[in-house]
Amino acid sequence: MRWAALGALAVLLVLPNFLGSYLLTVFIFIFFYAYLGQAWNLLGGYGGQISLGHAAFVGIGGYTSTYLAMTYKLSPWIGMFVGGAAAACLGAVIGYLGFRFGLRGFYFILLTVAFAEICRLVVSHVEALGGALGLFITFSGDPWQFQFSDNRYYYYIALGLMLAAMGIVALVERSRMGAYLAAIREDEDASEALGVNAFGTKLAAIVLSAFLTGVGGTFYANYLFSLQPNTAFGIPLSVEIILRPIVGGSGTLMGPILGSFILSPLAEVSRAYFAKGGLSGVHLIVYGSLLIAVVLFFPRGAYPYLRGLVRGRRGGA
Amino acid sequence: MDPILLGQAALNGFLFGGVYSLMAVGLSLIFGVMRVINIAHGDMMVWGSYLAFILAFRLGLDPFVSFVLCAAALFCLGVVVQRGLVNRVLNAPHEMQILLMLGVALVLENLALVVFGPDTRRTESAYGLATVWFGPIFVDVARLITFALALALSCALYLFLFRSDLGKLIRAAADNGYGALVIGADVERIYTVAFGIGAACVGAAGALMSALLPFSPAAGFAQTVTSFNIVIIGGMGSLLGAFLGGLIVAVAESLGAVLLVPSLKELVGFVLLVLILLFRPQGLFGGKTP
Numbered sequence: 009m010r011w012a013a014l015g016a017l018a019v020l021l022v023l024p025n026f027l028g029s030y031l032l033t034v035f036i037f038i039f040f041y042a043y044l045g046q047a048w049n050l051l052g053g054y055g056g057q058i059s060l061g062h063a064a065f066v067g068i069g070g071y072t073s074t075y076l077a078m079t080y081k082l083s084p085w086i087g088m089f090v091g092g093a094a095a096a097c098l099g100a101v102i103g104y105l106g107f108r109f110g111l112r113g114f115y116f117i118l119l120t121v122a123f124a125e126i127c128r129l130v131v132s133h134v135e136a137l138g139g140a141l142g143l144f145i146t147f148s149g150d151p152w153q154f155q156f157s158d159n160r161y162y163y164y165i166a167l168g169l170m171l172a173a174m175g176i177v178a179l180v181e182r183s184r185m186g187a188y189l190a191a192i193r194e195d196e197d198a199s200e201a202l203g204v205n206a207f208g209t210k211l212a213a214i215v216l217s218a219f220l221t222g223v224g225g226t227f228y229a230n231y232l233f234s235l236q237p238n239t240a241f242g243i244p245l246s247v248e249i250i251l252r253p254i255v256g257g258s259g260t261l262m263g264p265i266l267g268s269f270i271l272s273p274l275a276e277v278s279r280a281y282f283a284k285g286g287l288s289g290v291h292l293i294v295y296g297s298l299l300i301a302v303v304l305f306f307p308r309g310a311y312p313y314l315r316g317l318v319r320g321r322r323g324g325a
Numbered sequence: 012m013d014p015i016l017l018g019q020a021a022l023n024g025f026l027f028g029g030v031y032s033l034m035a036v037g038l039s040l041i042f043g044v045m046r047v048i049n050i051a052h053g054d055m056m057v058w059g060s061y062l063a064f065i066l067a068f069r070l071g072l073d074p075f076v077s078f079v080l081c082a083a084a085l086f087c088l089g090v091v092v093q094r095g096l097v098n099r100v101l102n103a104p105h106e107m108q109i110l111l112m113l114g115v116a117l118v119l120e121n122l123a124l125v126v127f128g129p130d131t132r133r134t135e136s137a138y139g140l141a142t143v144w145f146g147p148i149f150v151d152v153a154r155l156i157t158f159a160l161a162l163a164l165s166c167a168l169y170l171f172l173f174r175s176d177l178g179k180l181i182r183a184a185a186d187n188g189y190g191a192l193v194i195g196a197d198v199e200r201i202y203t204v205a206f207g208i209g210a211a212c213v214g215a216a217g218a219l220m221s222a223l224l225p226f227s228p229a230a231g232f233a234q235t236v237t238s239f240n241i242v243i244i245g246g247m248g249s250l251l252g253a254f255l256g257g258l259i260v261a262v263a264e265s266l267g268a269v270l271l272v273p274s275l276k277e278l279v280g281f282v283l284l285v286l287i288l289l290f291r292p293q294g295l296f297g298g299k300t301p
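Residue numbers (the working numbering), protein chains in the order written: chain A, 9 to 325; chain B, 12 to 301.
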């Protein structure tokens, strides 16, 4: 298993030398959405607190670092952590309100949606942040400003983000907090009866998850060179974020990564084939159908299913 | 602020509230019976609007007539969704049902986008511009008819649920699904009918609303949020609460648009949702919690 992981890492490290620019972009999005999915997984997968408003953290993170870079010339390399901290603050507010008032399940989902939409509407009315048109970053090619003329740098940054999130989530998984989160997910009342501080644990999970997602916002802004409130805070981005861990297997370390390797190419293919004919919604129909299929046939996601297959074969032989 | 202007806005909102009520009654029925959260509700409504648009465009049917056909079509859609999908996950964890309905919502919204395009539409009605004046205040005839029809449909649904045998079975299954099974009720069939009726309500609401407001495939999500706003305010699962909640939210939105910037109208709804979730999640008129 360890050798397989090292082998896969070695392949990913040398891969950019063999990829064309289009495939390179596909891989950048695979890594980046796996990163966002992993951040969501911490709260939604391990903790069972489903957020359908994670785009809010991407938007806050991206807007913070971009605004600081444009107005105060602060490097996005520093700004990304400021943005992450701003997103963590929003996460703390949502978590404090939601968990203190005991919102569970669907009510918590609605709360996260409402906050994301409030952020979107407020930012679209703030002139300093470009209003509904958004912010546009001019290209200077300066690495200190998070800009590179070669896409391969973005590839390695996205890969680094994905691996870093995986490392952080792996640490949490093995820690006391990981056990608490799993207990809360399975039965919150029972876990509290056993002395788990459910409020504090859930709050810590949403703050960490929001921080990681906010850091990703800086990559999002600087890779796309622009930020619009409707895309950076919108529900479609939140859906993109939750789909990968759910399809791959939420609450597992490999789930978001596997899900991203399944979904991103699928989205690219349906975009490439149908968007030319003006059928721009087709990849979302594919997403929706896939979500339905996963719930009906693989409710635990692809990774636990595949692992079961491998174990079953070994056991049989 | 001019009191006549405010009164006019409140009246317009109140009359418009009929369709909100009808839409929320459908959602509340679906939740009350199956405990399923229909995230695709707003997208079903948009399909009702597009059907009314097509019937008006091709056959010249007025939406105040064609809403019956739209309701029937959405009934069928509801039956298919319940039979094919929801009945299979009734015992699955709540999150799984929500994700399933999110999938249905994505498919419905983007199917509308592919079929009808992203443009904003509006159904033509013979009564679209007619008004009646009462002193300084005018009444929009289309809104008046819409309100009357929405009220009539809601009353018909109430009579059906409380007077007919099938309606009583639906309420029995809502109160205690296992108990209904014990007395020999075909619970899966009851669920199918209940989801169909809920979808028919929102289909009729969509058809009626299409004459009052412009719509597009992207409008579905906002309508879903509005529906949940109303249903939570009225108390999840309470039909009367949903009806009154619809009127309250419509008046609040209408006044909000006059008092604030019109483009911030949506913000009123979301802030209201957060406040209700935090301080009165059981709603103003009581109800069940999911």
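No residue lacks a Cβ here, since even glycine has one placed at the ideal position from N, Cα and C.
Which of helix, strand or coil DSSP assigns to residue i
i: B/Phe226; result: strand
i: B/Asp54; result: helix
i: B/Leu289; result: helix
i: A/Ser288; result: coil
i: A/Leu17; result: helix
i: A/Leu143; result: strand
i: B/Leu284; result: helix
i: B/Leu101; result: coil
i: B/Arg46; result: coil
i: A/Arg308; result: coil
i: B/Arg132; result: strand
i: A/Leu60; result: coil
Cutoff 8 Å: residue i Cβ touching any chain A Cβ
i: B/Arg94; result: no
i: B/Ala230; result: no
i: B/His52; result: no
i: B/Gly114; result: yes
i: B/Met220; result: no
i: B/Val91; result: no
i: B/Phe313; result: Any answer about residue 313 of chain B is impossible in this case: the structure gives chain B only from 12 up to 301.
Inter-residue Cα distance where the pair is residue i and residue j
i: A/Gly138; j: A/Gln236; result: 9 Å
i: A/Val303; j: B/Val47; result: 14 Å
i: A/Gly324; j: A/Pro312; result: The pLDDT assigned to A/Gly324 is 44, lower than 50, so where the model puts this residue is not dependable; a value taken from the coordinates is nonetheless given after this. Cα to Cα, A/Gly324 sits roughly 18 Å from A/Pro312.
i: B/Pro228; j: A/Ala166; result: 34 Å
i: A/Ser157; j: B/Leu88; result: 51 Å
i: A/Ser148; j: A/Leu44; result: 27 Å
i: B/Leu250; j: A/Ile86; result: 53 Å
i: A/Leu274; j: B/Asp151; result: 49 Å
i: B/Ala222; j: A/Phe154; result: 50 Å
i: B/Ala184; j: B/Val242; result: 20 Å
i: A/Gly28; j: A/Tyr163; result: 12 Å
i: A/Ile243; j: A/Cys127; result: 12 Å
i: A/Glu125; j: B/Leu70; result: 39 Å
i: B/Trp58; j: B/Phe78; result: 12 Å
i: A/Ala42; j: B/Leu288; result: 31 Å
i: A/Asp197; j: A/Ala213; result: 18 Å
i: A/Ser272; j: A/Phe89; result: 27 Å
CB contact check: residue i to chain B, cutoff 8 Å
i: A/His62; result: no
i: A/Glu181; result: no
i: A/Leu23; result: no
i: A/Leu105; result: yes
i: A/Ile192; result: no
i: A/Gly296; result: yes
i: A/Ser288; result: yes
i: A/Ile68; result: no
i: A/Pro337; result: The question about residue 337 of chain A has no answer here: the residues shown for chain A are numbered 9 through 325.
i: A/Leu274; result: no
Residue range of the beta strand (DSSP E) that includes residue i
i: B/Thr142; result: Thr142 to Phe145
i: B/Val150; result: Ile148 to Asp151
Residue i: first and last residue of the uninterrupted alpha helix (DSSP H) it sits in
i: B/Glu106; result: His105 to Phe127
i: B/Asp176; result: Asp176 to Asp186
i: A/Lys210; result: Ala206 to Leu232
i: A/Gly259; result: Note, A/Gly259: premise wrong, no alpha helix (DSSP H); not H, not E.
i: A/Glu7; result: Chain A is shown only over 9 to 325; residue 7 of chain A falls outside these bounds and no answer can be derived.
Exercise for the section: Determine which residues of the segment 197-209 of chain B have a Cβ less than 9 Å from any Cβ of chain A, and write them out in chain order. Expected result: none
Practice task
Select from the segment 98-112 of chain B all residues with a C-beta closer than 7 Å to any C-beta belonging to chain A, and list them in chain order.
Solution key: Arg99, Val100, Ala103, His105, Glu106, Met107, Ile109, Leu110 and Leu111
Exercise for the section: Report the residues of the segment 108-128 of chain A with a CB closer than 8 Å to any CB of chain D, ordered along the chain. Expected result: Absent from the structure is chain D; the protein chains it does hold are A and B.
Handout entry: Residues of the segment 268-289 of chain B whose Cβ lies closer than 8 Å to any Cβ of chain A, in chain order
Key = Val272, Ser274, Leu275, Glu277, Leu278, Phe281, Val282, Leu284, Val285, Leu288 and Leu289
Exercise for the section: Check distances from the C-beta atoms of the segment 39-65 of chain B to those of chain A and list, in chain order, the residues that come in under 7 Å. Expected result: Ile48
Handout entry: Contacting positions in the segment 117-131 of chain B - beta carbon closer than 7 Å to chain A
Key = Leu117, Val118, Asn121, Leu122, Leu124 and Val125
Exercise for the section: Below 7 Å between beta carbons is the criterion; list the residues of the segment 248-261 of chain A that meet it against any residue of chain B, in chain order. Expected result: Ile254
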